[in-house]
Every structure is written in C-alpha cells, then in structure tokens.
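Asks: Residue numbers (our numbering): -3 to 400. The beta carbon of each residue, even a glycine, is placed where N, CA and C say it ideally should be. Owing to the predicted nature of the structure, the values given are computational and were not obtained by experimental measurement. What follows is a single structure, and I will ask about it in a moment.
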C-alpha cells in the first residue's frame, strides 16, 4: 500500500539464459509469484528468444503461432488444476458442514458427556484400548443376535502417528475382492511406519486404511444390532399396550390403571435409552466414514501431484538433453535430471499403488456395509420377535385373569 492509499504490486524478475543458434541470449522474463517456472515456461522463453532473433517473416509467423498455441495450452492446464482444487475444497467444505450440523443436533449429548468426563464419571460408550487386528478377526454376529458393544480404539482423526506393523505386501485378504485366491501369509516385522509426505497433505501410513475400514465395519455392526434391539423393543411395547387394552375392557379401569402406567413409563424409558445409544453409534459411524472418504481424497490428490511431477520432470529432462546436445549444458546436469525423473516416477508408482488399494478396499467395504446395515431377513426377524412377544403377553394375561 502506497503513501497515497493506492495498492502497489511487486513483480518477480528472473534472468534466464536460453540458446539462440550458437550463442546464449540473455533474456529478462516476468514470472508469476504463484507458479514456479515449469518446462512449458522454459519452452515459451526459448520460442520468444528465437522469435526476437529471426528476421525471416515466415519463420516469425511460424514461431508466433507455436508460441501462441503453447501459451494457450499452458493457460488451460493451469486453469484445469485450479478447477480441480476448487472442487476438492467444495467437497471438503460440504463434509465439514454436514459434520457441524450433526454435532449441533447432538449438542446436548456432547455437553452431557463432557460434563461427566470433567466430574470423573465413567463413560460406558468410551472406546477402550485394544488391538484392532484382534477385534477385526473376531466373528461378526448377525443383527438378530444382540451383544454388548465391542471395544475398539477411537479414531478422532484420519492420522495415525507412531510405529505400526507394516506388511511386505500392501494388499490384505480381509478386503480382497470376492473370488480372488487368498495370498500366502507374509511375515510381519515391527518397524516404524513409512509414510509418504506430500505438501499440505499430511502423513498417510500404509495400514491406516485397513484399520479405519475395520473400525467402520465394527461400528456398522453395532449400529445394526442396536437398530434391531430398538425395533424389537418398540414392537414389544405395541404388543404390551394392545394386550392391556383387552384387560381394561374386562376389568374396572381404576384397578389396573396405575400398574399399566408404571409399566408403560418404564418401557418408554428403556426405549429412550436405546435410541440414545443408537444415535451415538450412528454418529461415530458417520465420522469414521467421513474420515475414510477424506483419506481417499488425499490419496487422489497425492497421485495427481505425483503425475504432474513426472510430467514436469520428463519435460525438463528433454529440454536439458537438447541443450546438452547443443553444447550448452554439462553432462552432470543431464545425469541429475535423469535421477530426478526416476525418483518422481518411483513416487508415482507408490501413490498409484496406494490409491488403487484404497479403491479396491472401498468397493468391498461398501458391499459389506450394505449387507450389514440392510440385511434381507431383518424385517422378518423383527416381525417374528414381535409376534412371539405378543403371544407371550397374552398368555401371561390369561394366567393372571384365571381364578384358579
């Protein structure tokens, strides 16, 4: 900002020397501070230098057309990258808004749990520290078989720092597509995690996706179990009220009204507790799914960044080789460019392998989630349970009303 209140801009100037025929032509170019000098920029500088040096009208026409086409292509590529980045940011913002809305809906429960934590009261829904691998390999019961919640380590964020067991083979048979033969067991060694770090992407350990997928499946199973319990309890309450209506028609209302009201309130309190626990598991499942999708987005960004590095590295290598053939670049710069290009390709292979493994796991995970959360026999089981409950209540009422 200037003294008169006007906005002042500062432009970065860089001196780049490019060959023109047999001599080096010093050229001062303006470079944007938002983007580094890429292979396309170097090619543009070379064409501009040749265009200034030639006096041939046809050659000037050809060089001008080539330079214009190159600049238009570079503009489209950079605009495409910016659009992709905006799409990723919009998707991330949407997930954050959904999470914020969900937390707002559960504000009272969150405050209550925090209050109990500060007062030193235990949380029966808290995750206990245990081995995720041991829990994941345990048999998962059907939703019709009630059981207590399984203890698992909490996942507060999609980052798992510290050492972990890294297999020699990234693939895991637990999330392998159906029909594929199981892979032989691979010896595991206790070694520090080997994360891949990319700018502004964080750390992504190798086995993080499998740990998070195991947690999602366990939470989905618990959610389905509590849904089944809630549905059964609601059916039992309906059957209880219907049976009491028959009793009220046969006996004076004042004799049984107080007993029916007390039993109804007790059953409704039990239903409220079931609903509260179900909402808690549904919230944890949703948070884990958001973390899982965020992991896939980061792996996709990592793969795209590696692809751009390979493309830029190849272009720079070709340019340096061409300059070396003209005698303008020493051989050690060519070797260095080759090493850089090879390293970029190696990183691309790692990024693509991780993204491919995540996509395969995601396909299997979604199928298993669908099977757990929407079982075919769930409705029939619930109806049978309700019918049995109604018959039991009617039998009890008949026994109570029997004078003998």
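(1) What's the call for residue 212, buried or exposed, on a 16-neighbour Cβ count within 10 Å?
(2) Which residues mark the beginning and the end of the alpha helix (DSSP H) in which residue 341 is found?
(3) Would you tell me roughly how many angstroms separate the C-alpha atoms of residue 353 and residue 84, rounded to the nearest one?
(4) Which residue's Cα is closest to the Cα of residue 76: 300, 47, 52?
(5) Which residues mark the beginning and the end of the alpha helix (DSSP H) in which residue 50 is found?
(6) Write down the C-beta distance between residue 337 and residue 313 rounded to the nearest angstrom, noting that I regard them as a contact closer than 8 Å.
(7) Grouping DSSP H, G and I as helix and E and B as strand, with all else coil, what is residue 80?
(8) Does the region 289 to 306 touch the region 96 to 114, meaning 3 or more C-beta pairs lie closer than 8 Å?
(9) Under 8 Å Cβ to Cβ from residue 271, same chain only, skipping five residues before and after it: list those, please.
(10) Under a Cβ-count criterion, where at least 16 other Cβ atoms within 10 Å of its own Cβ denotes burial, should residue 268 be classed as buried or exposed?
(11) Taking all protein chains shown into account, decide if residue 224 is buried (16 or more other Cβ within 10 angstroms of its Cβ) or exposed.
(12) Could you work out which residue in 217, 321, 258, 222 is closest to residue 366 when comparing CA atoms only?
(13) Decide if residue 379 is buried, meaning its Cβ has at least 16 other Cβ atoms within 10 Å, or exposed.
(14) Assuming the contact rule is C-beta atoms closer than 8 Å, residue 50 and residue 56 should be a hit. Round their C-beta distance to whole Å, please.
(15) Which residues bound the alpha helix (DSSP H) around residue 114?
(16) Measure the CB-CB distance between residue 288 and residue 215 and report whether it falls below 8 Å.
(17) Below 8 Å on the Cβ atoms is my contact criterion, and I expect residue 39 with residue 67 to pass it. Report the Cβ-Cβ distance as a whole number of Å.
(18) Under a three-way DSSP split, which group does residue 188 fall into?
(19) Going by CA-CA distance only, name the one from 88, 37, 100, 364 that's closest to residue 294.
(20) To the nearest angstrom, how far is the alpha carbon of residue 317 from that of residue 335?
(21) Report all residues from its chain with a CB closer than 6 Å to the CB of residue 368; omit the five preceding and five following residues, and keep chain order.
(22) Alpha carbon to alpha carbon, how far is residue 102 from residue 258? Give it in angstroms, no decimals.
Replies: The structure says:
(1) buried
(2) 327 to 369
(3) 21 Å
(4) 300
(5) Element bounds for residue 50: n/a, residue is neither H nor E.
(6) 5 Å
(7) helix
(8) no
(9) 226
(10) exposed
(11) buried
(12) 217
(13) Summary for residue 379: the model assigns pLDDT 46, below 50, so the residue's position carries little reliability; its value from the coordinates is reported in the next sentence. So residue 379 counts as exposed.
(14) 6 Å
(15) 103 to 114
(16) no
(17) Their Cβ separation, rounded to whole angstroms, is 10 Å, which puts residue 39 and residue 67 out of contact at 8 Å.
(18) With a pLDDT of 37 at residue 188, under the threshold of 50, the modelled position of that residue is not reliable, and the figure given next carries that caveat. Of the three classes helix, strand and coil, the one that applies to residue 188 here is coil, per DSSP.
(19) 88
(20) 13 Å
(21) 216, 217, 220
(22) 29 Å
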